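Here the sequence shown is numbered in the working numbering, starting from 24 and rising by one per residue. Glycine included, every Cβ here is placed at the ideal spot set by N, Cα and C. Predicted model, so just to flag it, every value in this text is computed and none were measured.
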Amino acid sequence: MKKFRKVLDGLTTSSPGGTIGSPSCGSAAGTPTSAPTPREIDVQETLASENFQLCKTVRHGFPYQPTALAFDPVQKILAIGSRSGGVRILGRPGVDCFCQHESGAAVLQLQFLINEGALVTACADDTLHLWNLRQRRPAVLHSLKFNRERITFCHLPFQSKWLYVGTERGNTHIVNIESFILSGYVIMWNKAIELSTKTHPGPVVHLSDSPKDEGKLLIGFEGGTIVQWDLRAKKADFRIYYDEAIHSASWHHEGKQFMCSHSDGSLTLWNLRNTTKPFQITFPHGKIQKDGRKESCKPILKVEYKTSRNSSEPFVIFSGGLSYDKAGRRPALTIMHGKAMTVLEMDYPIVEFMALCETPYNNEVQEPYAVVVLLEKDLIVVDLTQSTFPVFENPYSMDIHESPVTCTAYFADCPPDIIPILYSIGAKHKKTGYSHKEWPIAGGTWTLGSHTYPEIIITGHADGSIKFWDASAFTLQMLYKLKTSKVFEKPKPGEGRAADLVEEDPFAVQMVSWCPQSRIFCVVGISAHIILYRFSKYDANTQIVALEVRLQCDAEDVITPSENENNPCFSEPGSHSPQPHHQYPVSPGSRTPEGAKDSVPCLKVKDRVVRVPPGYQSDLVIQLLWVDGEPPQQITSLDINSAYGLLAFGNCNGLAVVDYLQKTVILCMSTLDLYGATDPYQRLTRSPRRNRQSTSGLTELTDNQQSIDMERSKSPTSVKGPGRKLSLPTDLKTDLDHVNGHCTSPTSQPCSAGKPRVPMGPEGPRLTRRGPGRPPFRKAQSAACMEISLPVSHTEGHASRRAMLQQLHGVTMYSHDEHHTTTSYCWNERESRENSFSRSRSSSVSSIDRDTKEAITTLQFGESYGRKSDALPTPCLWVGTSLGVVLLIPLSIPIDQEERMEEPVAIGPSGAVQMLKGSVLRFAFLDCMGVLIQSPYEVWRDLNAPEDPDRPRRRKLVHFSPSSSQDAYGEGHLAVVCSERQAKVFIMPLQTCLFVHNITESSFVLRADVVSVCNSVCLACFCANGHVMTLSLPSLRPLMDVNYLPLTDMRIARTFCFTNGGQALYLSSPTEIQRITYSQEMCDNLQEMLGELFTPIETPEAQNRGFLKGFFGGNAHTFDREELFGEAAAGKASRSLAQHIPGQGGVEGMKVAAGGAVGELARARIALDERGQRLGELEERTALMMTSAETFSKHAHELMLKCKDKKWYQF
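This is how it looks when you write it as structure tokens:
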């Protein structure tokens, strides 16, 4: 605990805090303040470095690019391997674990040690790993790296400690699972085949032991050769040579027959009595054509041959085998049961499938009850016990990527009633037709931890849908889905200019803003539109109110004095004089001389009465308009305040404020005019108009390494990235349209907001273009998408660094919460995106680059002091720009409810102007005791509820005044401002900088949030170089700095978002959300909150085979693998063949922990936990031994007493 005191008497801008980053500290003019100051600020900061530690918690979603599947039939847990080296282990809902191989090599195959709490993984780097699943965070115990051979197939018999490993050369090696040492016993390919064979049989594609005799191993080679190898005699029992390549094989449980699948779409059934030819050959999907030939079919990649007690007919389940002739057929899983054949078409290609059986023994009737089908982008479980083969309802959140995720938001400690309400609304729209049986993957144990609170994750998608997820207690369940596209008419091809340019994803969600208390929800779309939703538990018939805004400000366009000198604040009638319940026609004078359409929105809002179900219902749609044939720029910032009834948004052209209660625009102004006379920059003249440039787009990301490499080789100013075709082509204009606001800058003629707008006819204000001496335009930039360049001219010497940073930010999946900002998204008509950045990152910001537009990057409503002379806080709007400028706009809002609905909201001229390095990312307010001041809000009320005459519905507002709880400290509050490079704390209303901290010099901040941790607050930052940092408030002391993520991981860099409680999340792949914690307290309680993968279960006993079966069925149970494969009999394997690598001993996850003392303590803590776990197991074994010894002693004593008096001849 440490106290920070700052005496403010006589403090001027020459204070130590003010000297850093001048002129950003102090007043706008840089002179000492004369307003009354509080005598002292006394803030007790309770946070220290010991309160922070970074570690991963849980991963949600579908495993990206899956490759392998495994199931433990006793523990009933499922494992999925992926191409990036990840392994997801799933059990009952709540039991969800993610493991990552350090090498990152693709997982080829998974093998459970059934009911042993262990898993073997075979990776593409020819390494075997043994994972311990008896701890909540699985760790690698052993690894075995093959040096001279490539692993192709593995097989581990039930209750065996010897793993068979097939290789690309056709050899079969045997590995001891306990020691992970290679046995000297090897089945060489040239010994397995006949000596007369002239060709190599190919890689091993199948290994399995015979159900009839465990001493016989069936080996399948890709070339079509099948060998049954006698492990005892070390020779082949039989060899089968077939013309078609083999993909898989499966035994009948009696061990007398097996079935193979082939590359020509055929299935062959072989009987061991006669292996010279197949007992049966079938082409399940190959029909005979008119000419007598069979249709050519695709390969059958896998087949499973299972028997059932209830039917004499076996189940034959396979994937593939469809005919080539039928184009466009979807991938299918075929289930043959007797004469019935059912084809289950899938939405995605099948990666792997596996039949779930009642018994783990391969020599018993299998009794399959379900089939797990792993698709490229989904996981399906089919119920085999019903003739219709319905699917089970998946309890995991595997459909995050149903439409590509374009933005995320994370809200912790939500109101407790919001989750049940959203669930009850969303449950009405759930799909039906699922199997009525319980989900079969029900292993592990999970209990609700003590450190849980309501958490909600919101995802926005490319199709315009919004999903609300319950993220409490490390789980993820979908609550409610909202489709924003229902507000608009469907774009029809060839219907006007807007429809011509809108192609694939016109409704894609760009950012969201949500107030859980008032339940007001705001969505920003890619087509430069904003939809405001209100929540209601009742359905309603409503007509959507549309509001159109011209925010295409152009500083190069001047208004002639003769036409506009008397009414400088007037605007065109179609822009800011909207009338409710209809859209506004294009005015006759809204066409350019070229005939291009003007004042046209990108999308058409439904103009009829629509029936809306309970849930979120659209209340207002705001659309930016085309101007002079130019599409509107994308919205880069948004904030909404339910207590004020106001919504503010901005882009690279300017700022607009909307009164959503009165459905009117009260401010629409260019960024340049917001400054007035306080503009801190020297505006340079520019050369004549240049060609237009296109910018990046919003779309799904791909992880194609080849595409990434191609990107890196491109010019740093034109980086093309992979992705889908985008929807709304827009250009960065080289000029700005004229200001269309109701209020002009303080230097121009004042205009009171709310006065009647004077409509203009066709002869409205004309626009005149300037010549070569025009002011420079400012290029759109935001906190999440910028390029760094050194403070020198753009030369080729910096191409590599700039290209890397452009690659980092040139892909467009962004993460946003209530106040996060985004870039302005644009794209061209081709499938490849072209990103163009020319933002100067010079440390000197005294002059503006000629090609720079100044975007509004962040907005925040709150109670503050608009001017230094203010005695009481009033509603204000804080504005941050991409050039590091902070503006403060005071608001005058009527207090009475009736007046609020009738009287206009007045907006005063901008007050304070502060400056920081880099784009402004975040605002937050603290009182003088260091407590976070929440934004005021309106308590939720259902506008569609029946009227109660006795209790009329009135607005109930909740305010958090900065002076309400600090009488002893005087008036005023602290303002925290964070930009890409630095953070500052100002004292209001003095507007004096108290603390400043340069966060980074070599990189820049992508995300910053003021969050609550351990009953205190801190500033959390995520940088482009992968560092996650926390700073104390208000002193801005560094508390944690962890190098967590690599710079090249582009998706993570833009989807990272923090929340309260020391948590954060990001999109680790297009289909998965990774949650992390940076709180030491949560790391300590993590073991309690995670599920247990392993539960002690008795292994089911094998069925009694009977005397005759045991006598005539061979000596399967007398086979001793240790006698054959042990070192005494087989010797040692060559050391150069494979290398044993000891495991990390459970220190998995510690690489992300903080260095220094905290990291060492964390490592020691985990080591102690593991040692305690091992000691606990040892204690259990010791107790069993003691019990056994006591039992033996008791029996021995009883036997002694019984025999003590007997004579020798009585025995």
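Separation of C1046 from N74, as counted between CA atoms
21 Å
Burial state of K1225 (16 or more Cβ within 10 Å):
Answer is exposed; the Cβ neighbour count stays below 16.
Should F135 and R82 be called a contact, given that it needs their Cβ atoms to be closer than 8 Å?
In this structure, R82 does not lie closer than 8 Å to F135 by Cβ.
Let me know the beta strand (DSSP E) ranges lying completely inside the stretch 1031-1068, each 3 residues or longer, listed in chain order.
1039-1046, 1050-1055 and 1061-1066
Taking buried to mean at least 16 other C-beta atoms within 10 Å of its own C-beta, is T291 buried or exposed?
buried
Checking contacts by CB at 8 Å: is C120 closer than that to chain D?
Judged by its chain identifiers, the structure shown contains no chain D, having just a single protein chain.
Starting from R82, follow the beta strand (DSSP E) in both directions and report where the run begins and ends.
F75 to G84
Suppose you measure from the CA of H178 to the CA of Y187; what does that come to, to the nearest Å?
5 Å
Quick check on DSSP: helix, strand or coil for W212?
helix
By a C-beta neighbour count over all protein chains shown, 10 Å radius and 16 as the cutoff for buried, is H459 buried or exposed?
Taking all protein chains in view, the Cβ of H459 is surrounded by fewer than 16 other Cβ atoms within 10 Å, so the residue is classified as exposed.
Compare the C-alpha of I249 against each of E461, K239 and V1034 and name the closest.
Answer by Cα proximity: K239.
Residue nearest to L3 in terms of C-alpha spacing, selected from F376, V366, P226 and A259
In the structure as shown, the chain starts at 24 and stops at 1234, and residue 3 therefore has no counterpart that could be examined.
Let me know if H1218 comes out buried or exposed under the rule of 16 or more other beta-carbons within 10 Å of its beta-carbon.
By the C-beta density criterion, H1218 is exposed, having fewer than 16 other C-beta atoms within 10 angstroms.
With burial defined as no fewer than 16 other Cβ atoms inside 10 Å of the residue's Cβ, what is the status of H1020: buried or exposed?
buried
Can you tell which of E139, W252 and H165 has the C-alpha that lies nearest to the C-alpha of N194?
W252
Buried or exposed by the 16-neighbour rule on C-beta atoms within 10 Å, applied to Q657:
buried
Report all residues from its chain with a CB closer than 6 Å to the CB of L164; omit the five preceding and five following residues, and keep chain order.
L153, N155 and G1166
Under 8 Å, with one C-beta from each stretch per pair, do the stretch 109-116 and the stretch 422-434 reach the 3-pair mark?
These segments do not touch.
Can you tell me which of the three DSSP states V535 falls into?
Strand at V535.
Separation of S289 from L77, as counted between CA atoms
53 Å
Touching by the beta-carbon criterion (3+ pairs, under 8 Å), the stretch 645-653 and the stretch 937-944
no
Could you say if the stretch 136-145 and the stretch 167-184 meet the contact criterion of at least three C-beta pairs nearer than 8 Å?
Yes: the two stretches touch, three or more of their Cβ pairs being nearer than 8 Å.
Give me whichever residues DSSP pairs with H223 in a beta bridge.
DSSP lists no partner for H223.
Three-state secondary structure (DSSP) of T498:
coil
Quick one: grab the DSSP three-state call for R977.
Three-state DSSP puts R977 in coil, outside helix and strand.
Roughly how many angstroms lie between the CA atoms of G885 and G108, to the nearest whole one?
47 Å
S541 (DSSP reduced to helix, strand or coil)
coil
Applying the criterion that 16 or more other CB atoms from any shown protein chain within 10 Å of the CB defines a buried residue, is K1227 buried or exposed?
exposed
Closest to S905 by C-alpha separation, out of E1095, G343, H484 and E877, would be which residue?
Each of E1095, G343, H484 and E877 was checked against the Cα of S905, and the nearest Cα belongs to E877.
Across the stretch 959-971 and the stretch 906-922, are there enough close Cβ pairs to call them in contact, namely three or more that are closer than 8 Å?
no
Based on Cα-Cα distance, which residue from G677, A671 and Y698 lies nearest to K686?
Residue A671 is the option with its Cα nearest to K686.
Cβ of S660 within 8 Å of Cβ of T880?
yes
Three Cβ pairs or more, each shorter than 8 Å: is that satisfied between the stretch 996-1012 and the stretch 916-933?
no
So what does DSSP say about G764, is it helix, strand or coil?
Unreliable placement is indicated for G764, whose pLDDT of 33 sits below 50; the coordinate value is still reported in the next sentence. Reduced to three states, the DSSP call for G764 is coil.
To the nearest whole angstrom, what separates the beta carbons of P913 and G931, a pair I think is in contact under 8 Å?
4 Å
Status (buried if at least 16 other CB within 10 Å, exposed otherwise) for E653
buried
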